[in-house]
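A.B. asks: So for the sequence shown, our numbering puts the first residue at 2; every next one is plus one.
Just so it is clear, CB atoms sit at the ideal spot from N, CA and C, and this is done for glycine as well.
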Amino acid sequence: MTQHTATPDLPAQSAPEAQPGSGPALRSGAGSWFRRHRGGAAIGAAAAVGLAVVISTQLAPKGDVLPLSMHNAGPDGAKAVTEILGRHGVAVKDVASFAAAAAALSNRPGATLLLYDRNGFLDQSRLQELRASAGRVVLVTPRLATLKALDAGISQAGVVPESSPLLEPGCGLSDPAAAGPVSGTGGFLYDGGTVCYRPPGTTAGLLAGTADGGLTVLGSTALLNNGGLGSHGHAALALRTLGSSGDLVWYLPGLADAAASRSTKTLDELAPDWVAFLGPWLVFVAGLAIVWRGRRLGPLVFEPLPVVVKAVETAEGRARLYQDSHALDRARDNLRAGTLVRLAQALRLGSQATADDVAAAAARHLGRAATDVTGLIQEQPRTATRLVQWSQELDKLENEVRTR
Numbered sequence: 002m003t004q005h006t007a008t009p010d011l012p013a014q015s016a017p018e019a020q021p022g023s024g025p026a027l028r029s030g031a032g033s034w035f036r037r038h039r040g041g042a043a044i045g046a047a048a049a050v051g052l053a054v055v056i057s058t059q060l061a062p063k064g065d066v067l068p069l070s071m072h073n074a075g076p077d078g079a080k081a082v083t084e085i086l087g088r089h090g091v092a093v094k095d096v097a098s099f100a101a102a103a104a105a106l107s108n109r110p111g112a113t114l115l116l117y118d119r120n121g122f123l124d125q126s127r128l129q130e131l132r133a134s135a136g137r138v139v140l141v142t143p144r145l146a147t148l149k150a151l152d153a154g155i156s157q158a159g160v161v162p163e164s165s166p167l168l169e170p171g172c173g174l175s176d177p178a179a180a181g182p183v184s185g186t187g188g189f190l191y192d193g194g195t196v197c198y199r200p201p202g203t204t205a206g207l208l209a210g211t212a213d214g215g216l217t218v219l220g221s222t223a224l225l226n227n228g229g230l231g232s233h234g235h236a237a238l239a240l241r242t243l244g245s246s247g248d249l250v251w252y253l254p255g256l257a258d259a260a261a262s263r264s265t266k267t268l269d270e271l272a273p274d275w276v277a278f279l280g281p282w283l284v285f286v287a288g289l290a291i292v293w294r295g296r297r298l299g300p301l302v303f304e305p306l307p308v309v310v311k312a313v314e315t316a317e318g319r320a321r322l323y324q325d326s327h328a329l330d331r332a333r334d335n336l337r338a339g340t341l342v343r344l345a346q347a348l349r350l351g352s353q354a355t356a357d358d359v360a361a362a363a364a365r366h367l368g369r370a371a372t373d374v375t376g377l378i379q380e381q382p383r384t385a386t387r388l389v390q391w392s393q394e395l396d397k398l399e400n401e402v403r404t405r
């Protein structure tokens with residue numbers, strides 16, 4: 002008889018329960034959170050992309066944007082003219098400092114130097130050293146201080162009138178005569194030496210040079226930059242002026258040249274040795290005095306103190322600024338405004354009087370034609386010489402009104 006062993010029934014194992022934060026529950030929670038915040042997520046993603054674009058733009062290498070830089074391919078650069086000069090056999094050497102310019106000129110006897118010092122970084126000694134080392138110097142829109150330092154007999158003479166957009170050579174120099182007319186728009190005029198490209202009725206011109214040909218002044222960057230090189234005779238004038246020798250040194254002074262040429266001794270270098278020991282002791286004593294007396298004094302009272310500056314000093318300083326920046330329009334407007342204010346006060350017209358009212362009242366007071374007085378006050382001088390004459394005429398008009 003067969004025996005059977007009874008096996009106890011085991012409870013069925015249940016499937017493991019889903020743990021929070023795993024599987025479908027986690028995906029469902031993430032999806033619901035994203036649906037609730039999809040607007041903010043989109044804005045955040047857009048902001049992140051924009052920030053990445055800005056950072057990459059700022060970190061990306063930027064091209065040369067210096068005006069008249071031979072590596073600048075923009076309208077203000079001079080890459081085109083230097084490449085053309087190179088194709089015509091001229092070896093163009095780009096230098097970025099005074100030391101490099103002096104070395105390049107020393108290694109290239111008789112080389113031409115193009116100098117565009119628009120901010121006046123170089124002092125007199127360095128300018129004279131460069132001129133002595135170069136076979137020929139071409140200055141582009143030089144400042145008053147630069148011309149004075151070189152003492153070549155050439156001076157500033159205002160700006161090209163708007164009525165003279167195109168200028169003819171009008172001189173005996175071979176380079177301008179071969180190049181033909183050039184644009185004078187936005188250019189500066191210079192006087193002294195041999196002058197070319199003169200506007201009608203003036204003795205100053207857009208180009209001036211010394212009798213020996215060692216120094217040439219160009220009054221407009223448009224004669225050399227990429228944007229203006231293809232206009233009129235600009236390219237021909239640039240090639241003949243800069244390509245007269247086989248070597249050309251291209252120098253645009255920078256801030257480092259100013260720091261080096263105008264550097265002065267520091268306080269540490271000027272102070273005697275004993276200051277190193279006395280200085281800390283004085284600071285310590287001053288600190289003790291502040292602690293000792295500071296609480297005995299009341300609060301500080303600020304009292305405005307008048308500062309008197311002589312009117313003549315202010316006028317001369319402002320005139321020099323206008324002259325250096327060729328700001329004929331600003332000087333002209335200030336002279337006209339001052340004249341109108343003083344005439345209105347002298348004629349008791351009040352602060353509401355217009356320029357026409359002041360001119361008409363002055364004409365009646367002097368017994369002159371209103372058109373004459375109005376024409377004088379509203380005149381627009383275009384040159385520095387005429388501006389000085391005009392200011393004298395305005396001063397004469399004011400004196401006549403006050404004394405009559």
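#1: From VAL93 to GLY255, what does the alpha carbon distance come to, in whole angstroms?
#2: Give every residue of the same chain whose Cβ lies closer than 7 Å to the Cβ of GLY121, excluding the five residues on either side of it in the sequence, and list them in chain order.
#3: Hey, is the segment 218 to 231 in contact with the segment 184 to 202, meaning 3+ C-beta pairs nearer than 8 Å?
#4: Just mark GLN393 as buried or exposed, buried being the case when its beta carbon has 16 or more other beta carbons within 10 Å.
#5: In the DSSP output, what is SER184 paired with across the bridge?
#6: Given a threshold of 16 other Cβ atoms within 10 Å of its Cβ, counted over all protein chains shown, does HIS235 qualify as buried or as exposed?
#7: Using DSSP's beta-bridge definition, name the partner residues of VAL138.
#8: With distance defined between alpha-carbon atoms, name the residue in CYS172, VAL161, ALA179 and LEU174 nearest to GLY185.
#9: Quick one: what does DSSP say VAL286 is sitting in, helix, strand or coil?
#10: Can you tell me which of the three DSSP states LYS311 falls into?
#11: To the nearest angstrom, report how far apart ALA178 and TYR198 are at their CA atoms.
#12: Return yes when the Cβ of LEU249 is within less than 7 Å of the Cβ of LEU243, no when it is not.
#13: Which residue marks the beginning of the alpha helix (DSSP H) containing GLY376, and which one marks its end?
#14: Could you pull out every residue in the same chain whose Cβ sits closer than 7 Å to the Cβ of ALA212, ignoring the five residues on either side in sequence?
#15: Can you have a look at ALA180 and say buried or exposed, based on whether 16 or more other CB atoms are within 10 angstroms of its CB?
#16: Look at the alpha carbon of LEU151 and the alpha carbon of LEU128, and state the distance between them as a whole number of angstroms.
#17: Beta strand (DSSP E) containing VAL250: first to last residue?
#18: Can you tell me the Cα-Cα spacing of GLY22 and ALA43, whole angstroms?
#19: What does the Cβ neighbour count give for VAL139, buried or exposed, with the cut at 16 atoms within 10 Å?
#20: Please list the terminal residues of the continuous beta strand (DSSP E) segment that includes THR195.
#21: To the nearest angstrom, how far is it from the Cα of ALA364 to the Cα of GLN324?
#22: With a CB to CB cut of under 8 Å and the five nearest residues on each side skipped, what residues in its chain are close to HIS233?
#23: Taking the DSSP output, what are the residues bridged to GLY206?
#24: Return the bridge partner residues of ASP95 from the DSSP annotation.
#25: Give a yes or no on contact between the segment 341 to 359 and the segment 373 to 383, applying the rule of three or more CB pairs nearer than 8 Å.
#26: For a quick check, are the C-beta atoms of SER246 and GLY111 less than 7 Å apart?
#27: Assuming contact is defined by CB atoms lying nearer than 7 Å, are SER231 and PRO76 in contact in what I supplied?
C.D. replies: With the structure as the only source:
#1: 19 Å
#2: ARG144, ALA146 and THR147
#3: yes
#4: exposed
#5: LEU167
#6: buried
#7: LEU114 and LEU216
#8: VAL161
#9: helix
#10: coil
#11: 10 Å
#12: yes
#13: 371 to 378
#14: GLY194 and THR195
#15: buried
#16: Using only the alpha carbons, I get a separation of about 7 Å.
#17: 248 to 252
#18: Confidence at GLY22 is low in this model, with a pLDDT of 46, below 50, so its placement is unreliable and the value that follows should be read with caution. Going by the C-alpha atoms only, they are around 25 Å apart.
#19: It counts as buried.
#20: For THR195, the enclosing beta strand (DSSP E) has its first and last residue at 195 to 197.
#21: 32 Å
#22: LEU167, GLY181, PRO182, VAL183 and SER184
#23: TYR191
#24: TRP251
#25: yes
#26: yes
#27: The sequence as given places Gly at residue 231; Ser does not occur at that position. It is not a contact, given that the beta carbons lie outside the stated cut-off.
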